[in-house]
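Read the structure below first, then the notes.
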Amino acid sequence: MDVGVFGGTFDPPHVGHLVVARDALEQLDLDRIRFVPARRSPFKEGPGAAPPEARFEMLRRAVENEVDFEVSRTELDRPPPSFTVDTLRAFSAEAPDVRWTLLLGEDQWRSFGEWREPIEIGRLARIAVLTREGRDALERAPELGVPFVQVPVTRLDVSSSDLRRRLKERRSVKHLVPDAVREFIESKELYAPC
14 MDVGVFGGTF
24 DPPHVGHLVV
34 ARDALEQLDL
44 DRIRFVPARR
54 SPFKEGPGAA
64 PPEARFEMLR
74 RAVENEVDFE
84 VSRTELDRPP
94 PSFTVDTLRA
104 FSAEAPDVRW
114 TLLLGEDQWR
124 SFGEWREPIE
134 IGRLARIAVL
144 TREGRDALER
154 APELGVPFVQ
164 VPVTRLDVSS
174 SDLRRRLKER
184 RSVKHLVPDA
194 VREFIESKEL
204 YAPC
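Here the numbering used here is used: the first residue of the sequence shown is 14, the next is one more, and so on.
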């Protein structure tokens, strides 16, 4: 079995995350995508706008009708910060016969050399760099000698930070997040102005 690992803060998860994950699943011929929300990223300062449990629930709702997608609590259930190498070690221990593929965006790939144990990450998982069509990840490859595959994906012009700003301004996010996520955000008054 081949499983893609898609980590992030997902604060909030949006349709762009789902489109990129679907593209990766199809182009890499993966059996599943495992979304891994971070309790707290070592590269992001301060707390997120939504608590970890709310982000998990939003992500669970975002993928509930996608049979090829699942959400892992692995990083939420251990103390922060979240390090990818620890997550991949846990996944490899629980399912040693699975071929893991770590899905990275271009920004993540550029900073990959600063991650904890990047060489070990490359040993534990195949690295797939998700690039905008027409872009070349080799231009931005860290000098580590870690093999990777480049996967051109559809990028929608939507970001979690823009969504948080829209919600704070009480603007609609309809069609930018799955309906179940939007309903959860509204019911919990997440991202509302103070």
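Beta carbons are placed, not taken as given, at the ideal position from N, Cα and C, and that holds for glycine.
Within a 10 Å sphere around the beta-carbon of GLY17 sit 16 or more other beta-carbons, which makes this residue buried. By the 16-neighbour rule on beta-carbons within 10 angstroms, HIS188 is exposed. Ranked by how close their Cα comes to the Cα of ASN78, the residues GLU199, PRO191, PRO206 have PRO191 in first place. ARG47 carries a strand assignment under DSSP once its states are collapsed to helix, strand and coil.
When DSSP states are grouped into helix, strand and coil, PHE23 belongs to the coil group.
Where THR100 is concerned, the enclosing alpha helix (DSSP H) starts and stops at 97-107. Put simply, the region 41-52 does not touch the region 174-188. Fewer than three CB pairs are less than 8 Å apart.
With distances taken between CA atoms, ILE134 lies nearest to PHE96 out of LYS201, PHE197, PHE96, ARG184. Excluding its 5 nearest sequence neighbours in each direction, GLU130 has C-beta neighbours in its own chain below 6 Å: VAL98, listed in chain order. Note that the region 109-121 does not touch the region 65-81; fewer than 3 beta-carbon pairs, one per stretch, sit closer than 8 Å.
Distances from the CA of PHE19 to each of VAL84, HIS27, ARG53 were compared; the closest alpha carbon is that of VAL84. Rounded to the nearest whole angstrom, the C-alpha separation of LEU169 and VAL80 is 22 Å.
Annotation for PRO131: no beta strand (DSSP E) segment contains it, though the alpha helix (DSSP H) segment containing it runs 131-137. Using a 10 angstroms sphere on the CB of GLU107, the tally of other CB atoms stays under 16, which defines it as exposed.
In the DSSP annotation of this structure, the continuous segment of the beta strand (DSSP E) that includes GLU83 starts and ends at 82-84. When the beta-carbon positions are compared, LEU117 and ALA37 stay at least 7 Å from each other.
Looking at the DSSP output, PHE161 shares a beta bridge with ILE140. For GLY29, the enclosing alpha helix (DSSP H) stretches over residues 28-40.
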